[in-house]
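Protein chains: 2
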Amino acid sequence: MDLTGPRDCTVARALEVLGERWSLLVLRELFLGNRRFAGIQAATGAPRAVLSARLEKLVAEGLVETRDYREEGQRTRSEYVLTEKGKDLQPVVTALRQWGDKYLAGPDGPPVELRHRDCGERVRVAIVCDAGHELPGTGRGVQVVRRDAVRA
Amino acid sequence: MDLTGPRDCTVARALEVLGERWSLLVLRELFLGNRRFAGIQAATGAPRAVLSARLEKLVAEGLVETRDYREEGQRTRSEYVLTEKGKDLQPVVTALRQWGDKYLAGPDGPPVELRHRDCGERVRVAIVCDAGHELPGTGRGVQVVRRDAVRA
DNA sequence: CCTCTAAGTTCGAGAAGTGAACCTAGTATT
DNA sequence: AATACTAGGTTCACTTCTCGAACTTAGAGG
Numbered sequence: 070m071d072l073t074g075p076r077d078c079t080v081a082r083a084l085e086v087l088g089e090r091w092s093l094l095v096l097r098e099l100f101l102g103n104r105r106f107a108g109i110q111a112a113t114g115a116p117r118a119v120l121s122a123r124l125e126k127l128v129a130e131g132l133v134e135t136r137d138y139r140e141e142g143q144r145t146r147s148e149y150v151l152t153e154k155g156k157d158l159q160p161v162v163t164a165l166r167q168w169g170d171k172y173l174a175g176p177d178g179p180p181v182e183l184r185h186r187d188c189g190e191r192v193r194v195a196i197v198c199d200a201g202h203e204l205p206g207t208g209r210g211v212q213v214v215r216r217d218a219v220r221a
Numbered sequence: 070m071d072l073t074g075p076r077d078c079t080v081a082r083a084l085e086v087l088g089e090r091w092s093l094l095v096l097r098e099l100f101l102g103n104r105r106f107a108g109i110q111a112a113t114g115a116p117r118a119v120l121s122a123r124l125e126k127l128v129a130e131g132l133v134e135t136r137d138y139r140e141e142g143q144r145t146r147s148e149y150v151l152t153e154k155g156k157d158l159q160p161v162v163t164a165l166r167q168w169g170d171k172y173l174a175g176p177d178g179p180p181v182e183l184r185h186r187d188c189g190e191r192v193r194v195a196i197v198c199d200a201g202h203e204l205p206g207t208g209r210g211v212q213v214v215r216r217d218a219v220r221a
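Sequences listed follow chains A and B, in order.
All residue numbers in the first sequence are consecutive under our numbering, ending with 221.
All residue numbers in the second sequence are consecutive under our numbering, ending with 221.
Here it is as C-alpha cells:
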C-alpha cells in the first residue's frame with residue numbers, strides 16, 4: 070500500500086503489517102498457544118507457501134520470534150512465539166472474536182471462550198476513556214480529533 | 070476461505086467478511102464520517118473498482134446501508150452509512166489504531182486522536198472481565214476455554 | 001441537446017494466492 | 001555408510017485478485 074497516500078493514519082500502517090489474508094489467523098493461533106508450523110498450518114488451513122511467507126513477514130516486523138525446540142527423534146527445529154509487540158495485538162484479535170461471536174456464531178455458540186484466569190469471569194473488549202467511563206461498543210460518544218493537516 | 074476447515078472459529082468468520090484489503094480502511098472512513106464514494110476513494114486510495122466491490126460486499130453483509138442524498142445541481146446519489154452491525158466494529162478499528170499509534174506512528178505522533186465527547190479524556194480499548202477487572206493489553210491473564218471438540 | 005459530474009464498469013497487465021509435488025537436513029535404524 | 005523417516009519449507013503451474021487508466025452512465029443545468 071502507498072503510505073504517501075492521502076490519509077496515512079496508523080490504522081492503514083497497521084493493516085500494512087496485518088492486512089494480508091492469514092496474518093491475523095496466524096496470530097490467533099499463536100495466542101492460542103499453537104507454535105509449530107504444521108500445527109498452525111492445520112488449524113488455519115493456509116497453504117504452506119503462504120504460511121511460510123506470512124511467518125517470515127511477522128518475524129521481520131518484530132511481532133514474532135523463532136525459538137529452537139527439539140522433539141525426541143527429530144532434529145532441532147524452530148517454533149514461533151509472540152513478542153511483546155505481537156502480544157499487544159490481543160485487543161485486535163479479541164475485538165474481532167467478540168464481533169464474530171455476536172454476529173456470526175453457529176447454533177452451538179462460539180467455539181472458544183475467553184475468561185479471566187484470576188476470577189473466572191468472561192473477558193471482553195471495552196472502549197473506555199482515561200477518566201474511567203466506559204463507552205458503548207458502537208463508538209457513540211467518541212469524538213474524532215484530527216491532528217493531521219491535509220497532506221495531498 | 071473454506072469454512073469446513075479445521076478450526077472454524079468466529080475470528081475466521083469475521084475475517085471472511087472483513088479480511089480483504091481495504092475493507093477495514095473503508096470502515097475507518099465511515100467511522101470518521103466520510104460517506105461518499107469519491108471521499109472514501111480519495112482518503113483510502115483504493116482503486117475505484119475495488120472500492121465498488123468492497124462497498125457492495127459490506128452492504129450485502131449488512132454492515133453498511135446506502136442512503137440517498139442530493140447535492141444541489143446534482144442528481145440524487147447514494148451515500149454509505151454504518152448499520153448497528155457495522156458500528157459494532159468500532160472496537161476492532163480502535164484496537165488497530167491503538168496498536169498502530171503505539172508502534173507505527175511517525176515523529177509527529179498519530180494523526181487522529183479519539184476523545185470522550187462528554188469528558189474530553191482520551192479514549193482507548195481495554196480488555197476487561199465481567200467482574201470489572203482490567204487485564205493487560207498483552208492478554209496476560211486470559212484463559213482460553215475451548216468448547217469445540219476436534220472437528221477434523 | 002450539450003455539458004458537467006459523481007459514481008461506477010471495463011480492460012489488459014501484473015501481483016498474490018492456491019494445492020500438489022518435490023526438496024532438505026538432522027535422527028534413527030540397519 | 002546406506003536407508004528410511006519427518007517437520008518444515010520451496011517450487012511449480014494455475015487461478016484469482018488487484019491495479020491504474022480509460023470509458024460509460026444518467027440526472028441537472030444551461
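Using N, Cα and C, we set each Cβ at its ideal position, and we do this for glycine too.
Contact check, Leu84(A) vs Leu93(B), beta carbons under 7 Å: yes
Give the residues of chain A in contact with Lys126(B), contact being defined as C-beta atoms less than 7 Å apart. Those within 7 Å of Lys126(B) in chain A number zero; the least Cβ separation is about 15 Å.
Cα-Cα separation, Gly189(A) to Pro205(B): 16 Å
Please confirm whether Gln110(A) has its beta-carbon closer than 7 Å to some beta-carbon of chain B. no
Cross-chain neighbours of Glu153(B) in chain A, by beta carbon under 8 Å: Thr207
Quick one: what's got a C-beta closer than 6 Å to Lys154(B)'s C-beta in the same chain, skipping five residues either side? Gly131, Leu132
In three-state DSSP terms, what is Arg104(B)? coil
According to DSSP, simplified to helix, strand and coil, what is Gln212(A)? strand
At the 7 Å Cβ level, is Gly142(A) part of the contact set with chain B, yes or no? no
Residue from His202(A), Glu89(A), Arg193(A), Val119(A) with nearest C-alpha to Val165(A): A quick correction: the sequence has Leu, not Val, at residue 165(A). Cα-wise, what sits closest to Leu165(A) is Arg193(A).
Apply the 10 Å Cβ neighbour rule to Val214(A) and answer buried if 16 or more other Cβ atoms are within range, or exposed otherwise. exposed
Does the count of Cβ pairs from the segment 107-117 of chain B and the segment 132-143 of chain B closer than 8 Å reach three? no
C-beta contact flag for Leu31(A) and Leu151(A) at 7 Å: Nothing about residue 31(A) can be read from this structure; chain A reaches only from 70 to 221.
Show which residues of chain B have a CB atom less than 9 Å away from the CB atom of Ala195(A). Pro160, Val194, Ala195, Ile196, Val197, Glu203
DSSP on Arg62(A), reduced to helix/strand/coil? No statement about residue 62(A) is possible, as the shown extent of chain A runs from 70 to 221 and does not include it.
Please report whether the beta-carbon of Ala122(A) lies at a distance below 7 Å from any beta-carbon of chain B. no
Cβ of Glu190(A) less than 7 Å from any chain B Cβ? yes
Hey, is Asp157(B)'s beta-carbon within less than 7 Å of any beta-carbon in chain A? yes
Can you give the Cα-Cα distance for Arg139(A) and Pro160(B), rounded to whole angstroms? 40 Å
Looking at chain B, is there any beta carbon in it that lies within less than 7 Å of the beta carbon of Arg90(A)? yes
In three-state DSSP terms, what is Ala115(A)? coil
Interface residues of chain A facing Pro179(B) [CB-CB closer than 8 Å]: Cys78, Thr79, Arg216
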